[in-house]
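Here the structure is laid out as structure tokens; the discussion comes afterwards.
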Amino acid sequence: MNAALALRRFVAGYGRSLVAYAVVAILWIAASLLIKGFGAYAHLRYIVELAAVIGLVGIGQTVAVIGGGIDLSVSAIITVTAIILPLVTFGADTTGLGAILAALIVAAGIGAVNGLGVGYLGLPPLIMTLAMATILQGLLILIAGGSAISVTNPSLDWLGSTHVLTISVSIILWAIVAALCLFWLHGTRSGSLIFAIGANPVVSRLSGVSIRRLTLITYVISGLCSGLAGLLLLSMNGQGYVGIGDPYLLSSIAAVVLGGTSILGGQGSYLGTMAGAVLLVTMTALITVVNASEGWRSVILGCLILAMLPLSGRDQSR
Amino acid sequence: MFGQGARLYWAIQWRRNEGLGALFLVLALFAVLYAILFPGIFAIGAMAKFVQGWFPTAMVAAAETIVMLTGGIDLSVGPMVSLGSVVAASTMQGPFGVLGGVLALLALGAGVGAIVGAFVAIGRYPAIIVTLALSFVLRGIALLIMPRPGGYVPASLSEFLAGSHPTAAVLLVFLVILWKLYQATPLGIGLIAVGDNAEGAYRSGVNVTRVRMSAYIISGVLQALTGLYVAAQTGSGDPLIGEPLTLAAIAAAVLGGVGFLGGQGAMRGALAGSLLMSILINVMFFMGLPLVAQYVVQGLIIIATVALPLIRASLRRIA
Numbered sequence: 001m002n003a004a005l006a007l008r009r010f011v012a013g014y015g016r017s018l019v020a021y022a023v024v025a026i027l028w029i030a031a032s033l034l035i036k037g038f039g040a041y042a043h044l045r046y047i048v049e050l051a052a053v054i055g056l057v058g059i060g061q062t063v064a065v066i067g068g069g070i071d072l073s074v075s076a077i078i079t080v081t082a083i084i085l086p087l088v089t090f091g092a093d094t095t096g097l098g099a100i101l102a103a104l105i106v107a108a109g110i111g112a113v114n115g116l117g118v119g120y121l122g123l124p125p126l127i128m129t130l131a132m133a134t135i136l137q138g139l140l141i142l143i144a145g146g147s148a149i150s151v152t153n154p155s156l157d158w159l160g161s162t163h164v165l166t167i168s169v170s171i172i173l174w175a176i177v178a179a180l181c182l183f184w185l186h187g188t189r190s191g192s193l194i195f196a197i198g199a200n201p202v203v204s205r206l207s208g209v210s211i212r213r214l215t216l217i218t219y220v221i222s223g224l225c226s227g228l229a230g231l232l233l234l235s236m237n238g239q240g241y242v243g244i245g246d247p248y249l250l251s252s253i254a255a256v257v258l259g260g261t262s263i264l265g266g267q268g269s270y271l272g273t274m275a276g277a278v279l280l281v282t283m284t285a286l287i288t289v290v291n292a293s294e295g296w297r298s299v300i301l302g303c304l305i306l307a308m309l310p311l312s313g314r315d316q317s318r
Numbered sequence: 001m002f003g004q005g006a007r008l009y010w011a012i013q014w015r016r017n018e019g020l021g022a023l024f025l026v027l028a029l030f031a032v033l034y035a036i037l038f039p040g041i042f043a044i045g046a047m048a049k050f051v052q053g054w055f056p057t058a059m060v061a062a063a064e065t066i067v068m069l070t071g072g073i074d075l076s077v078g079p080m081v082s083l084g085s086v087v088a089a090s091t092m093q094g095p096f097g098v099l100g101g102v103l104a105l106l107a108l109g110a111g112v113g114a115i116v117g118a119f120v121a122i123g124r125y126p127a128i129i130v131t132l133a134l135s136f137v138l139r140g141i142a143l144l145i146m147p148r149p150g151g152y153v154p155a156s157l158s159e160f161l162a163g164s165h166p167t168a169a170v171l172l173v174f175l176v177i178l179w180k181l182y183q184a185t186p187l188g189i190g191l192i193a194v195g196d197n198a199e200g201a202y203r204s205g206v207n208v209t210r211v212r213m214s215a216y217i218i219s220g221v222l223q224a225l226t227g228l229y230v231a232a233q234t235g236s237g238d239p240l241i242g243e244p245l246t247l248a249a250i251a252a253a254v255l256g257g258v259g260f261l262g263g264q265g266a267m268r269g270a271l272a273g274s275l276l277m278s279i280l281i282n283v284m285f286f287m288g289l290p291l292v293a294q295y296v297v298q299g300l301i302i303i304a305t306v307a308l309p310l311i312r313a314s315l316r317r318i319a
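Just so you know, the sequences run in chain order A and B.
For the first sequence, position 68 (counting from the first letter as 1) is numbered 68 according to the working numbering, and the numbering increases by one without interruption.
For the second sequence, position 42 (counting from the first letter as 1) is numbered 42 according to the working numbering, and the numbering increases by one without interruption.
The following block contains the structure:
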């Protein structure tokens, strides 16, 4: 295969993702020229730090959507992780890593229940994850009530405040998990089978793909990544409360779609979701610069997503 | 000839109950439980109040179902209801009064529905992302018109719609009749055809674009009118009051067997689904369950109702 053909294949496969990167680049350059301080390294780094949370949630959402499903319980899992951490903190665990591990196991466990419901019981993903979100919401009120819970966890503090070679640890964490996800989706057998399931579940099953097991894995990954995002959010915020994860449900779906992954499944890449996450945070930052009221912010963000639609591609199957 | 036609009609109607057995059974169980817990429900006044509690969910479930039957989805139901309540509470104090307010709401619902329809039916963009983005826009506009709850709805209107009369029940029956009539028109028949197989429907002469467009417009009008009803119930407008209704509408429709891919399900299922959720909330309230348990039980029952037929089907396949 010569280089030109490889390039053409790359553009054909990732063209929609590339559009999102191009828009981010244009926005960043234009905003840097027009708004004083926007292009400063620290500010751009801050944007990427905020995007890391959406980006981590977006991993699970991308994998679920490519596999023909969707995960509406991500926001509830984020909140659960952020609130459960103080409860699983124990004295002998001086680094705080034990508590983090326990919280991530809970998150992955919730994802596993989703996966069992969707994969083995055959429930529609939307209804399974929606019901899971409802159940978790009830449990959260029981655990946390209306109050904010603050936490002291040395590892988490390190995660939220340290820079390695001026790059925040949170961004490095995102980059590592993103690389793993991209390798799994595009470089392994089980990853490519997720695309097959999303494109046509019946044909996949008849071809001997173990749909149930792979669906289970999909939702475990989604739970785990939402858990990571919850921890990251907690490290930035310093305290967890009921509702801390709520904004991330819609923004994770928006990031997936802006990144060019087909909401109908079987098509897309996490590469695009990463750009989508940065794009969303950039838009929000720009709106904040204009100093708009909450109502205007919401209107502008919605209109921007609508305006992005022609760029992120049409619904081809209909 | 007429007899044969009628027999065919009822045979088709009966077949459309398929797969809804579990839902109807669960619904009947909870209805009996509710009647035992609260025997006073059989009084006209109590019944009227119960239907009033159910009415908004039933309306948005119907709005969601129309769109889902065509293979779309609407994630902006909640903000649309909020905007409707805000517009109702701010226009009815204007010079044109109640009539002006109702006309404004009809225009709002049809207008927003037409915008969504233009994106989805003509532009062919995925409904999920169009309505997601639109939900931000509508929420923002509602907050701009009314940053905090306020405005006012004439007390006479509140009394008429949400007072001691069973107006909501009458309206519901009226809407069901309208729905039956709509399903007798080409556009109504096209709904399910387009959702099931858009290409096939197009080749059979169904105007796919017009069917989808009118589905979104009707859905928008229903949502805006739900906003009016909610405003009449509370006596004022609230820019956030509709928020929980987005998920309630989808949950009711899916409980009622309406599929996400379109062309699957019936309005009766969605209405039964919304009724089940409404009864559940009442039963749990009467049993004195804490709010925590209410959420958990609601989630479990939704899963169980959808899972039961699936489990039974897979058992039958093994046997």
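Glycine included, C-beta positions come from ideal geometry on N, C-alpha and C.
Beta-carbon neighbours of residue i, restricted to chain B and to distances below 7 Å
i	result
Ala131 of chain A	Gly299, Ile302 and Ile303
Leu142 of chain A	Val292
Thr134 of chain A	Tyr295, Gln298 and Gly299
Glu294 of chain A	Leu143
Cut-off 7 Å between Cβ atoms - residues of its own chain near residue i, not counting five sequence neighbours on either side
i	result
Leu56 of chain A	Trp174, Val177, Cys225, Leu228, Ala229 and Leu232
Gln316 of chain A	With a pLDDT of 47 at Gln316 of chain A, under the threshold of 50, the modelled position of this residue cannot be trusted; read the value that follows with caution. Same-chain partners within the cutoff: there are none.
Ala31 of chain B	Ile279
Leu75 of chain B	Ile128, Thr131, Leu132, Ser135 and Thr246
Residue i, DSSP secondary structure in three states
i	result
Pro310 of chain A	helix
Ser135 of chain B	helix
Gly265 of chain A	coil
Gly257 of chain B	coil
Met284 of chain B	helix
Met267 of chain B	helix
Ser155 of chain A	helix
Glu294 of chain A	helix
Ile100 of chain A	helix
Ala25 of chain A	helix
Gln316 of chain A	Because the pLDDT of Gln316 of chain A is 47, which lies under 50, any placement of that residue in the model is unreliable, and the number read from its coordinates should be weighed accordingly. Three-state result, Gln316 of chain A: coil.
Ser210 of chain A	coil
Arg203 of chain B	helix
Interface residues of chain A facing residue i [CB-CB closer than 9 Å]
i	result
Pro244 of chain B	Chain A residues near Pro244 of chain B: none, gap ~11 Å exceeds 9 Å.
Leu310 of chain B	Leu121, Gly122 and Leu123
Contacts around residue i, its chain only, beta-carbon distance under 6 Å, and the 5 residues preceding and following it disregarded
i	result
Leu276 of chain B	Leu27
Ala127 of chain B	Gly72, Ile73 and Val120
Arg205 of chain A	Ile211
Ser222 of chain A	Gly60, Ala64, Asp71 and Gly111
Ala114 of chain B	Ile217
Thr273 of chain A	Gly58, Thr62, Ala255, Val256 and Gly259
Own chain partners of residue i with C-beta closer than 8 Å, once the 5 adjacent residues on each side are dropped
i	result
Leu85 of chain A	Ala99, Ile100, Ala103, Val151, Asn153, Leu156, Leu231, Leu234 and Gly240
Gln183 of chain B	Ile189 and Leu191
Ile171 of chain A	Arg45, Val48, Glu49 and Ala52
Tyr34 of chain B	Ile41, Ile279, Asn282, Val283 and Phe286
Classification of residue i by the beta-carbon crowding that lies within 10 angstroms, buried from 16 upward
i	result
Pro79 of chain B	buried
Arg212 of chain B	buried
Phe42 of chain B	exposed
Gly242 of chain B	buried
Pro310 of chain A	exposed
Arg26 of chain A	Note on identity: in this sequence residue 26 of chain A is Ile, with Arg being the wrong assignment. Flag for Ile26 of chain A reads exposed.
Gln223 of chain B	buried
Pro186 of chain B	exposed
Ile66 of chain A	buried
Gly198 of chain A	buried
Ser251 of chain A	buried
Gly269 of chain B	buried
Cross-chain neighbours of residue i in chain B, by beta carbon under 8 Å
i	result
Gln137 of chain A	Tyr295
Arg297 of chain A	Gly140
Ala254 of chain A	Ile129, Leu132 and Ala133
Leu306 of chain A	Phe119, Val130, Ala133, Leu134 and Val137
Residue i - partner residues in DSSP beta bridges
i	result
Val164 of chain A	A:Ile167
Ile149 of chain A	A:Gly240
Gly150 of chain B	B:Gly237
Contact list for residue i against chain A, beta-carbon separation under 8 Å
i	result
Val67 of chain B	None at all; the shortest Cβ gap to chain A is about 14 Å.
Chain A residues whose Cβ lies nearer than 7 Å to that of residue i
i	result
Phe260 of chain B	Pro124 and Leu126
Leu247 of chain B	Leu130
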